[in-house]
Amino acid sequence: MDTKRFVKTYSQNSFGSAIEVWVDRETGVSYLYRRDGYSGGMTVLVDQDGKPLIGQTNE
Numbered sequence: 499m500d501t502k503r504f505v506k507t508y509s510q511n512s513f514g515s516a517i518e519v520w521v522d523r524e525t526g527v528s529y530l531y532r533r534d535g536y537s538g539g540m541t542v543l544v545d546q547d548g549k550p551l552i553g554q555t556n557e
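514 is the number that this note's numbering gives to position 16 of the sequence shown; each next residue is one higher, with no gaps.
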């Protein structure tokens, strides 16, 4: 199986920092990834009701 589980659907980079949105192909859940220098973190994106945001992979 060569298909990757996560696909990057958005990317914004500036001076060593990055903001990206990744979608899990198995669940459809979207995650926000933020990197700045040598640190970073990832969190699930939620809608106005606090439920996980289901994204589209455009594939």
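Glycine included, every Cβ here is placed at the ideal spot set by N, Cα and C. Model, not experiment: these values are computed from the prediction.
Pick out whichever of D534, G526, L543 has its Cα sitting closest to the Cα of Q510. Proximity to Q510 across D534, G526, L543 peaks at D534, based on C-alpha coordinates.
CA nearest to the CA of R503, picked from R532, V521, L543: Comparing Cα-Cα distances from R503 to each of R532, V521, L543, the minimum goes to V521.
Compute the beta-carbon to beta-carbon distance between E518 and K506, rounded to the nearest angstrom, for a pair I have assumed lies under 8 Å. Contact holds; Cβ gap of about 6 Å.
For V544, which residues from the same chain have a beta carbon less than 8 Å from its beta carbon, with the 5 sequence-adjacent residues on both sides left out? Only P550, L551 meet the Cβ criterion.
For T507, the first and last residue of its enclosing beta strand (DSSP E): T507 -> beta strand (DSSP E) spans 504-512.
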